[in-house]
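Here numbering that gives the first Met the number 0 is used: the first residue of the sequence shown is 0, the next is one more, and so on.
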Amino acid sequence: MTRLLRLIIVLIPLALLVWVGWSYLDLDGETTIVWEAGDVSPFVHGLRPTGRVEPVRDDGNGAFHRLSGDPVYLSVTPPGNYETVDVDVWFNAHEQPMVELGATVNAEAGQIDLRPLWHKTLDTLNWNVIADESLVLYQRRRVYNSVDDLLRDPPPLSSIATYHTNLPEPDAMPRAWTSGAPATSDVSLRGNHEFLAATDGRRLTFDVMYMDMNRNVGADPIAVRVYQGGELVASLDVPDDGVSEATNASLERETFHVEATGLMPGLVKVELQANNDIYWRTINSTLPKMTFTRNVFVGDEVGYVDELRPVTLWTDAQHLTFFTRHAEGVQRITVGDQTVDVAIPHEHYDVENDRAGITKVTIPKGDLLVVTDGRVAFSPEAFFNPFPVQLDDRTDLDKLQVDYVIAEMDAPRRSGAWMVNGAQFWMPGLEVESSRDEATGSQEGSRRFVLSLPRVHERDAYVDIHKVELTFKRPPRSLADIWQRIRRGI
C-alpha cells in the first residue's frame, strides 16, 4: 500500500508535467481562449476605456459589461505564434442598429479591419433572400436568382446597396461619365483631399494652383498620387517653400501639372496629400467628372481675394456635419430647403438631408469643414457617383429607393439569451502593441481588437457583452517537426 501511494505521488506531478508539456507543444495547432465578463485572464485584458464600459452586472442570463461609447477596445495577448484567430462575441444590442468587430492593422493611420457582427436593417428586412457562397442578396421583389445574375444585367446603381463588399467595376464607362466639358474647381480647399474621375481610355492631365499660407510651424510638402485599379499611374512630390516658421503669409501662388497616360477605361482616383497650410485654389482637369470623396475642407480666402465668395457644392449625402474653428466661420448654411446655423466655433452641427438624390449646399463664407456620407462636387455637371449606396447605421432603404442589398456577412446565431457572431483575422497582418496603455488595455506584444458601435452615445443606446471566445490556429505539428526544431535550436 505504501509503495502504491508513493507511486501515485510520483505519477501525479509527472502526468501533470506531461499534460502541460503536451498542451504547450500544441500539436493540433489550435488553442481556444474563453473570456467572460468579470474574468481576469493572462491573455484577454478586458474592455477599455473604462469610461465607455460599465462595471460587470448579471441579470440572470450571465455576467456582462454594458458598452455605451464608441469604440471599445479588447486587448489580447496570443498564447503563441499562430496564423489566424477566430473571434466570436456573445452580445445583445439595445437601440443600437449596427455592431461590428475589428482588429487594428495600423493604429497611427487609423487602419482597422472591420467585420460585421449584426445589422438591424438586414436582420429585420422582410425581403427575398438568396445566399450565394459568401454573399447574401436581398431583393425587395425577386428579380434575380443569384448575385452573378444581378452583375450580368445590373439595375441602376442607385437602387443597389452594399454592406462589407464591393461591386466589380464595369468593363465600359457609361458615356455620361466620360463626355462633356472638362471639370474645374475654383473653390479654395484646405489640406488633404481626394477626388474621382472617369476615363474612356483618354489620358488624365490636371493643373493645380495652390498657396502655402505658412500658418503653422513646420515644413509643408505636397504629394500627389494618381491611381487606377489600385495601381499607381502617376505621382508628383513638391517640396516645402522654404518657410518653416508660422509667418501667416504665402510667398506667392504656385502651380504644378500632373499627367497620367496609358490609362484603361475606368475610374481614376487622385490624392492631393498636404497639411492644412496648403490651400488648393484652382484645379483644372481634362476629364469631365470631378467628384470629391466624402469630406471637403472649404478654406478661407484671406490673402487670396479681397471679397468673400460664397461656395456652392452638390452632394448625394444623407447626413452632413459642419464645423469651423474660427469666429469668421460662423454662418448660415443652406442644404436644399433646410438651413443650418453654424453659431459657435469648435461645435459640430449635424443635419439629415430631407431629400434623396443630389442636393445643393450653399456656404456663404468658407472656412468650414464639411463631413458627409456621400460624394461632393462643385458643379452639377462634374458630379457623379460610380458606387452603390453604402449601407451603414443610418441608411434608409425606402427613402433612397433601394431595391437590392448585397452583403458579405453571416447571420448571428442564438446561444441562450445572447446573439453570437464573429470573424476570422490573419494574425501576421495585425499590429503588435509595443507598450502598456491603460486607456486601451494594451500590453507589450498584445493585439488590439475593436468593437465598433457607431453613434451609440448619440442614440442613448448600449450593447451588452457577455463573452468572447478566441480560437488561434496554425498548421498541426508532428513529433518529427518538434524534433527538427529542437535539433535546429541545438
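Note that the Cβ used here is the ideal one computed from N, Cα and C, for glycine as well.
Here the structure is a predicted model, which is why all the values come from computation and not from measurement.
The beta-carbon separation of V98 and L116, rounded to 5 Å, stays under the 8 Å limit for a contact. For the pair S67 and Y461, the CB atoms are nearer than the 9 Å cut-off.
In terms of CA proximity to K466, W89 leads the group G61, W89, V75. Cα atoms of A248 and D305: separation of roughly 15 Å, rounded to the nearest angstrom.
By the criterion of a C-beta distance shorter than 6 Å, A355 is surrounded in its chain by K398, L399, once the five residues flanking it on both sides are discounted. Residue range 174 to 177 is occupied by the alpha helix (DSSP H) that includes T177. The alpha-carbon of L150 is positioned some 14 Å away from that of A406. Considering only F322, L312, D436, the residue with the shortest C-alpha distance to S445 is D436.
Secondary structure of T49 (DSSP, three-state): helix. The alpha carbon of V186 has as its nearest neighbour, out of Q110, T281, E82, the alpha carbon of T281. Separation of the CB atoms of F255 and F194 is rounded to 16 Å, and the pair is thereby denied contact status at 8 Å.
In this structure, P287 sits near T177, with a CB-CB distance shorter than 9 Å. Contact between Y303 and M208 does not hold, since their C-beta atoms are separated by about 10 Å, which reaches or exceeds 8 Å. With contacts defined as CB atoms closer than 9 Å, I343 and F382 fail to qualify as a contacting pair.
When the five nearest sequence neighbours on each side are left out, the beta carbons in the same chain lying within less than 6 Å of the beta carbon of H347 are those of T320, F322, in order along the chain. The beta-bridge partner set that DSSP reports for Q423 consists of D85. Unbroken alpha helix (DSSP H) stretches of 4 residues or longer found wholly inside the segment 289 to 323: none. For D131, the enclosing beta strand (DSSP E) stretches over residues 127 to 131. Excluding the 5 residues flanking it on each side, T83 has same chain C-beta neighbours closer than 7 Å at Q423, F424, W425, M426, K472, in chain order. At a Cβ-Cβ threshold of 9 Å, V310 and I277 do not count as neighbours. Comparing alpha carbon positions, the residue from T246, D391, W34, R413 closest to V216 is T246.
No Cβ-Cβ contact shorter than 9 Å links L390 with F296. Straight across, the Cα-Cα distance linking Y162 with P41 is about 35 Å. Straight through space, the alpha carbons of S284 and P48 are spaced by roughly 46 Å. Inter-residue distance for H325 and V388 is about 34 Å (C-alpha atoms, whole angstroms). Considering only V267, L124, L134, the residue with the shortest C-alpha distance to M172 is V267. Nearest to D147 by C-alpha distance, out of S157, V135, R139, is V135.
If you check the CB distance, T103 and L469 do not come in under 9 Å. In its chain, beyond the 5 residues on either side, V370 have a beta carbon closer than 6 Å to the beta carbon of N294. When the five nearest sequence neighbours on each side are left out, the beta carbons in the same chain lying within less than 6 Å of the beta carbon of H118 are those of M97, in order along the chain. Distance from V71 to V86 at the Cβ level is roughly 14 Å; contact not present, criterion being Cβ atoms closer than 8 Å.
The Cβ atoms of R393 and H318 sit closer than 9 Å to each other.
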